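Structure, as structure tokens:
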Ligand SMILES: Nc1ncnc2c1ncn2[C@@H]1O[C@H](COP(=O)(O)OP(=O)(O)OP(=O)(O)O)[C@@H](O)[C@H]1O
Ligand SMILES: [Mg+2]
């Protein structure tokens, strides 16, 4: 089973990533790609190195070896902010929102990041409709409209997860790197998010790290299984589900 | 953030009181009050400038005395040369005109803030505090070594600057010049923190990594805020040189930097107006304790530490809570 596609097909691609933390080899020769219109699920047991891999793709961590390509360009040296500004945007497994801002202001800041015009010292951002109106639209998409005026720090855990997604979407990314977005969400919230991801899929390349196998097999076009830092298998959901090694290493735990 | 009515009312009263200090001083025949309160306004200005970086960006600078001293020495040196008709550079003999000296004071302290920021803003926490402190100590030792400008003993000015040709010798005119500048800076910074730029600064305080993940590297915005803060502290220094008609190396000492920090914490961090309360409160506490005992510093120090520990949000924070 081949893990990488020929260059040219995928908009976003990693080849031969390695990352060591001291003696721990957390990413071992990892290659994967994501295409627009596709959800690529990255699964694996706790500690397999999924978050570490995603951090390298997002530019938060520098890989020790390997290259990352975006639209045919080597972006391995680009830091996270520069990648995000080019449309490669991640969310965090451990919820990270601006707790002291209102929910609306969190999303408005994400809208502002896309506009890339931050040396504006005079006009009140809170009344800037070029920021607030797109923010309201995204809040509506994720179902947070009613909570727009709340302080983000006062949201429930599930609501913060939704806000996390809203912020990522408001930057209008091309590549979305989602680290367990459903974790901590209620069934209903998770359902809303699945529907949303299905809807935005045609225009986005989505890498989805997720533990919930129902979600994975519902959304994914491609599934890669990571075990102790290395890819064990990669292929269509059916292929991966049928793979004996995968069942032994991982899926049996989930009682499939 | 919306201000509760009581905090807003208190601020209006505070500013009104400040506007009335000169006539009150004249009426009560206490003319020294004008110079005393000018001094408080000047410290308020420096602390407001510090609050911009410390309160909004969590850049806890322990070196703002450097910018204060640079502003003050700029005025002192320019004025000394002008009065003695001594060439300063390229045959230029300095100036006693505020419209030239004060912007130059801001430029010089702003440039130094650029240098300090370029190095210190790559770090945070204790490292940031230590680097800003070290850069202030550098200025301290430089001005001490300026023997032609008084060295350790400091430099007495021949008189105050003129503002567009008009003398500022009259304490009341000078008081209103300080008051006007403080109001202008408060208004400008209030706009600034509510703008897109201000959002980035506040977001960088809350979660730097999250901000980068949104595509914004906050470094140059934080650096810009630091330079603005340094330049405004330089302006305060220029005013202080005029107020006391004297500059000396203690302006650059770490205790001076600590003074600004205390004013911000006492008045209320992250509110801009809080430091104005803080500067006045510190002034009043000093005067009160001096009247009570000659060992006032022994009481004031621990008192301020207690306030910082148990009075989070300072005076302005308490006003806000009491009406919320
Ligand atoms: N900064 C770091 N320094 C040292 N070790 C780290 C660091 N980050 C992660 N690790 C280790 O690397 C391994 C992979 O961690 P990672 O968080 O990527 O796993 P994961 O697959 O995301 O797990 P989970 O499903 O629990 O989120 C773990 O053993 C972890 O302890
Ligand atoms: Mg993880």
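Protein chains in written order, with my numbering: chain U, 17 to 272; chain A, 6 to 329. For glycine and all other residues, C-beta sits at the position ideal for the given N, C-alpha and C. Predicted model, so just to flag it, every value in this text is computed and none were measured.
Would a check of beta-carbon distances place residue i closer than 8 Å to chain U?
i	result
residue 202 of chain A	yes
residue 329 of chain A	Only weak support exists for where residue 329 of chain A lies, its pLDDT of 48 falling under 50; the value from the coordinates is given anyway. Not one chain U Cβ lies under 8 Å of residue 329 of chain A.
Sort the options by Cα distance to residue i and report the nearest one.
i	options	result
residue 52 of chain U	U:115, U:202, U:193	U:193
residue 52 of chain A	A:69, A:37, A:43	A:69
residue 81 of chain U	U:93, U:88, U:235	U:93
residue 320 of chain A	A:254, A:271, A:189	A:271
residue 41 of chain U	U:107, U:33, U:143	U:33
residue 235 of chain A	A:30, A:50, A:11	A:50
residue 274 of chain A	A:21, A:216, A:60	A:60
residue 102 of chain A	A:230, A:134, A:238, A:171	A:171
residue 204 of chain U	U:237, U:178, U:83, U:138	U:178
residue 44 of chain A	A:180, A:113, A:238, A:326	A:180
residue 281 of chain A	A:95, A:255, A:184, A:298	A:184
residue 232 of chain U	U:247, U:245, U:198	U:198
residue 264 of chain A	A:114, A:291, A:211, A:249	A:291
residue 250 of chain A	A:18, A:46, A:85, A:42	A:85
residue 142 of chain U	U:72, U:246, U:120	U:120
residue 76 of chain A	A:135, A:109, A:24, A:124	A:109
residue 308 of chain A	A:177, A:90, A:268, A:231	A:268
residue 143 of chain A	A:81, A:71, A:113	A:71
residue 201 of chain A	U:61, U:45, U:128, U:187	U:128
residue 237 of chain A	A:97, A:117, A:10	A:117
residue 19 of chain A	A:40, A:46, A:32, A:36	A:46
residue 26 of chain U	U:110, U:249, U:200, U:48	U:48
residue 313 of chain A	A:283, A:186, A:293, A:299	A:283
residue 219 of chain A	U:105, U:261, U:230	U:105
For residue i, would you say it is in contact with chain A, using Cβ-to-Cβ distances shorter than 8 Å as the test?
i	result
residue 67 of chain U	no
residue 190 of chain U	no
residue 114 of chain U	yes
residue 129 of chain U	yes
residue 229 of chain U	no
residue 135 of chain U	yes
residue 273 of chain U	Not covered by the structure: residue 273 of chain U. The range shown for chain U is 17 to 272.
residue 164 of chain U	no
residue 125 of chain U	yes
residue 252 of chain U	no
residue 19 of chain U	Since pLDDT at residue 19 of chain U reaches only 40, below the 50 mark, its modelled position is unreliable, and the value read off the structure follows with that caveat. It does not; no Cβ of chain A falls within 8 Å.
Suppose contacts are defined by Cβ-Cβ distances below 8 Å. Is residue i in contact with residue j by that definition?
i	j	result
residue 148 of chain A	residue 137 of chain A	no
residue 194 of chain A	residue 57 of chain A	yes
residue 285 of chain U	residue 85 of chain U	For chain U, the structure presents residues 17 to 272; residue 285 of chain U sits outside this window and is missing.
residue 111 of chain A	residue 240 of chain A	yes
residue 323 of chain A	residue 316 of chain A	yes
residue 208 of chain A	residue 197 of chain A	no
residue 240 of chain U	residue 168 of chain U	no
residue 112 of chain U	residue 214 of chain A	yes
residue 183 of chain U	residue 243 of chain U	no
residue 167 of chain A	residue 160 of chain A	no
residue 222 of chain U	residue 209 of chain U	no
residue 54 of chain A	residue 79 of chain A	no
residue 235 of chain U	residue 55 of chain U	yes
residue 26 of chain A	residue 48 of chain A	no
residue 44 of chain U	residue 75 of chain U	no
residue 73 of chain A	residue 256 of chain A	yes
residue 259 of chain A	residue 141 of chain A	yes
residue 176 of chain A	residue 40 of chain A	yes
Residues from the stretch 73-101 of chain U in contact with chain A, defined by Cβ distance under 9 Å: 74, 75, 76, 95, 96, 97, 98, 99, 100, 101
Scan the stretch 215-227 of chain A for residues whose Cβ lies nearer than 7 Å to a Cβ of chain U and list them as they occur along the chain. 215, 217, 218, 219, 220, 221, 222, 226
Interfacial residues, the stretch 138-157 of chain U to chain A, with Cβ spacing under 7 Å: 138, 139, 140, 141, 142
At what residue ranges does the stretch 186-217 of chain U contain a whole run of the beta strand (DSSP E), taking only runs of 3 or more? 191-195
What are the residues of the stretch 186-213 of chain A that lie near chain U, defined by any Cβ-Cβ distance shorter than 9 Å? 193, 196, 197, 199, 200, 201, 202, 203, 204, 205, 207, 208, 210, 211, 212
Pull out every residue of the stretch 206-221 of chain U whose Cβ sits closer than 7 Å to any Cβ of chain A, in chain order. none
Under 7 Å, CB to CB, which of the residues in the stretch 163-187 of chain U have a partner in chain A? 183, 187
For the stretch 105-181 of chain U, list the beta strand (DSSP E) runs that are entirely contained and at least 3 residues long, ordered along the chain. none
Give, in chain order, every unbroken run of the beta strand (DSSP E) that is at least 3 residues long and sits entirely within the stretch 197-240 of chain A. none
Could you tell me which whole beta strand (DSSP E) segments of length 3 or greater appear in the stretch 35-95 of chain U? 40-50, 54-59, 81-86
4-residue-minimum alpha helix (DSSP H) runs that sit fully inside the stretch 73-151 of chain A, ordered along the chain: 103-125, 130-149
What are the uninterrupted segments assigned as alpha helix (DSSP H) that are 4 or more residues long and contained completely in the stretch 247-278 of chain A, given in chain order? 259-272
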